[in-house]
C-alpha cells in the first residue's frame, strides 16, 4: 500500500470507544463472571479480578476490530478510486487476480492436482478409519454445497429446504434396498432422478416467487418432506428409521473378506480396523465430487449458466433479452436437486442407518453456510467452505461446547470483512479489442 | 409492421388500457406520449408480452403475437429496452452486451454488432470490463439501448430513455436513436414524458390519456397544435 491508512484514524476517539466497549462488557458480564455462589457453604465468592480480564480482553478485541474496519474501508476506498479513474491505458484490464487465479494458472497446475489426488487416493492405505469416515462426510457436503451453489449462488434463488432433496436421495436408496433389495449402483441414478423430479415439482409452484417468499416456501417444503418421513411410519418406519442398508458392492466381491487380508499383508501402514467398504465409498464419493465439479463448471459457462446469471441479476431484463425464465428457474431447481440426491444415496450407504433426524432444517442451514462462507457462485470457495465447516468441528472436538458461538462469530466476521466469501467467484472475463477492418473481435482473458 | 387493435390490459381488476388502437409502419419512429399513469409503459408491456392483454389483437409483421411468451416475441425481433434501464449490475459491460445476443448463434454477426454499438457509444468500449452497476445513469441507458441492439431488433421498444438523465446526455441519446433509425432502418416505438424532445425525433405520435388514445397525428402537426402545447409542452 502506497499511503499509510493509519493517518486518517482519530486515536483519541478510537481509544474512548474501545474503553466504553470494555466498560459495557464488564457491566453485562458482571453477574456471571464476578459473583460465584458457593452452594456448599451458602456464601458468595467475589472474583473481581475476572472482571479485569474481561475488560482487558474486550479492550484489545475492540481495538483490533476497529483497526480491521479502518483497514477495510481504506482498501475499499482506494479500490473505488481506481475504478472511478478507469484502468490505465497500459494496465492489464479486468478484475485483479486472486491467489486462486495464480494457483490455477500456474505452470504446475496439472501436476499439483495430480499429486493432490494421489495423496487423497492413497489415504485408505495409511489414514485411520475415523479420518476416512469424516472425509466421506466432507466430500458429501462438498457435493451438496456445489449443488446448492447452482440454485443460490448462480441463479440467486434462496433455497432453505435443500436438505429435502438430500433426504429424498437417501430414502430412495434405503427404501428400495429394504423392500426390494436393490443395490447401490442401481439406486445411485434412481436417487438422483427422484430428487430431480422433486426439484421440478417444487419449481412449478414457486415460479412466480423470489426473495423472502421463495425462502419461506422452500423452508416449508423441507419441513414437509421431513414430516412425511416421520409420519408415514408404515413405509418409512417413521422416527425409528431404516437400518442395515447395504454398502456398495464391487462385482459382488466381499472386500473385507477377500481383499483386506491381502492388503494388510502388503501394506504395513494400513489400519487393521479399516472397513474396506468405507474405503470403497470414499473412492466413489471422490469420483462423484470430481464429476460434480466438472459438470457444474461446464454448466456455469454455458448458455444455461448465462441465463441463470441473468435471472439472478434482473428478472425483467432477463425476459427482455428473450431468456425463458420458466425454463431457467426449473432447470436450476432440478439440477441443484440432482446433486443432493446423489449425495443422499452415498450418505445412506455410508451410515447404513438413516432416520428423519439426519435431515432437519439445521442441515439446510449448514449447507447454505458452506455456500455463503465459501463464496457464492465460486467452485473452489464452496470446496474450501465445506472442508472448513465439516472438518474443523471434527478436529476441534475440545471446543465443541463453543461450536455454535464460534460459528456465529465467524459468520458475522465474514459478512463484515469478506462479504463475497472466502474465495470470491471470478467468472471468465472478456476484454474488448477492436480489430482493424471492423470485423469485431474480442479476446478471452 | 406492428398493429394494435382494441387492446384491453388489466392489473388485477384495474383496467389500465381501455381499447388501444395503434399502428407503426416499417422504418418509422413513433412517439407514445402521455402523463403519469396514462398507460404508456403498460402498452409496451402488452406488446412485449410481460403483461399479456385480456382482449384485443396485436399483429407484428402479419403474425399475431398476442398471448405469446416474452421470449418468443423477442425472437421475432421485437425487443424492449425496459423503463429504468434494468441492466445487469454485477456483470461487466461486455457481458451485458453479450447477454443481449442471447438468442443469436451467429458469432460473426454478434461480433459485427458489438463493433457497431461500440462505435455508437465509444464510452462503452472504454468501460467494457467495468461492472454495469458502476456506470453512471447516462452510460447505463446507453448500455441498455446497446444491449437491445445486440439482439438485432427489427423493431425497438424504448421506454423513457430520458428518465433521470441530464439534458446534454438526453440530447446525445436522442441523436443516436435517430441515427439507429436512419442507418439500420430499425422501426422504433418510443415512450416518453419529455414530449417536446420526442416530437422532434418522431415521425408520428400518439397521445394517451388514462388508458385510451385521445390524439394522434404527424409529429410536426402535434408540435404546432395549441391543445397539445398547453397540455404537454408547457404552454
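Chains as they are written, first to last, in the working numbering: chain S, 605 to 1049; chain H, 805 to 1039. Built from N, CA and C at the ideal position, the CB exists for glycine as well.
- In this chain, the alpha helix (DSSP H) harbouring residue 834 (chain S) covers 816-835.
- Below 8 Å, too few C-beta pairs join the stretch 881-892 of chain S and the stretch 855-867 of chain H to call them touching: fewer than three.
- Between residue 964 (chain H) and chain S, the shortest Cβ-Cβ separation is not below 9 Å.
- For residue 944 (chain S), same chain residues with a beta-carbon under 7 Å away, outside a window of 5 residues either side, are 748, 751, 766, 769, 770, 773 and 799 in chain order.
- Closer than 9 Å to the CB of residue 906 (chain H) there is at least one CB belonging to chain S.
- What residue 913 (chain S) touches in chain H, judged by beta-carbon distance under 9 Å, is 892, 894, 895, 899 and 903, going in chain order.
- Annotation: Cβ neighbours of residue 920 (chain S) in chain H (cutoff 8 Å, chain order): 854, 886 and 890.
- Here the C-alpha atom of residue 1037 (chain H) lies approximately 18 Å from the C-alpha atom of residue 841 (chain H).
- Interface residue (Cβ-Cβ distance to chain S less than 9 Å): residue 878 (chain H) is classified as such.
- Residue contact with chain S for residue 875 (chain H): present (Cβ-Cβ distance below 9 Å to some residue of chain S).
- Taking 8 Å as the upper bound for CB-CB distance, residue 849 (chain S) and residue 777 (chain S) are in contact here, some 7 Å apart.
- With fewer than 16 other Cβ atoms from the protein chains shown falling within 10 Å of its own Cβ, residue 1006 (chain S) counts as exposed.
- Not a single CB atom of chain H sits nearer than 9 Å to the CB of residue 967 (chain S).
- When Cβ pairs closer than 8 Å are counted between the two stretches, the stretch 942-958 of chain S is seen not to touch the stretch 909-919 of chain S, the count staying below three.
- With contacts defined as CB atoms closer than 9 Å, residue 824 (chain H) and residue 852 (chain H) fail to qualify as a contacting pair.
- When only Cα atoms are considered, residue 625 (chain S) and residue 891 (chain S) end up about 51 Å apart.
- The Cβ of residue 926 (chain S) sits closer than 9 Å to at least one Cβ of chain H.
- Chain-ordered, the chain S residues with CB closer than 8 Å to the CB of residue 955 (chain H) read 925 and 926.
- Non-local beta-carbon contacts of residue 948 (chain H) in its own chain, meaning distances under 6 Å to residues more than five positions away in sequence, involve 885, 889 and 891 in chain order.
- Within the same chain, Cβ atoms closer than 6 Å to the Cβ of residue 810 (chain S) are found at 818 and 821, the five residues on either side in sequence being excluded.
- Assignment of residue 836 (chain H) by DSSP, reduced to helix, strand and coil, places it in the strand class.
- Here residue 826 (chain H) is not near residue 837 (chain H), since their CB atoms are 9 Å or more apart.
- Apart from sequence neighbours up to five positions away, the residues of its chain that approach residue 913 (chain H) with a beta-carbon distance below 8 Å are 956, ordered along the chain.
- By alpha-carbon distance to residue 636 (chain S), the top candidate from S:652, S:647 and S:783 is S:652.
- With fewer than 16 other CB atoms across the displayed protein chains lying within 10 angstroms of its CB, residue 957 (chain S) is exposed.
- Secondary structure at residue 1016 (chain S): helix, using DSSP grouped into helix, strand and coil.
- The stretch 728-740 of chain S makes contact with the stretch 861-878 of chain S, as at least three CB pairs between them are under 8 Å.
- Residues of chain H whose Cβ lies closer than 8 Å to the Cβ of residue 998 (chain S) do not exist; the shortest such Cβ separation is about 35 Å.
- With a 10 Å radius around the Cβ and a threshold of 16 neighbouring Cβ atoms, residue 951 (chain H) comes out buried.
- Residue 900 (chain H): member of the alpha helix (DSSP H) spanning 897-904, first to last residue.
- Ranked by how close their Cα comes to the Cα of residue 968 (chain S), the residues S:739, S:745, S:671 and S:923 have S:745 in first place.
- In chain order, 978, 979, 1025, 1026 and 1027 place their CB closer than 6 Å to the CB of residue 985 (chain S), counting only its own chain and leaving out the 5 sequence neighbours on each side.
- In this chain, the alpha helix (DSSP H) harbouring residue 737 (chain S) covers 733-752.
- Taking C-beta atoms as the reference points, residue 638 (chain S) and residue 654 (chain S) count as a pair closer than 9 Å.
- Not flagged as an interface residue toward chain S: residue 862 (chain H), since no C-beta distance is shorter than 9 Å.
- At a cut-off of 9 Å between beta carbons, residue 827 (chain S) makes no contact with chain H.
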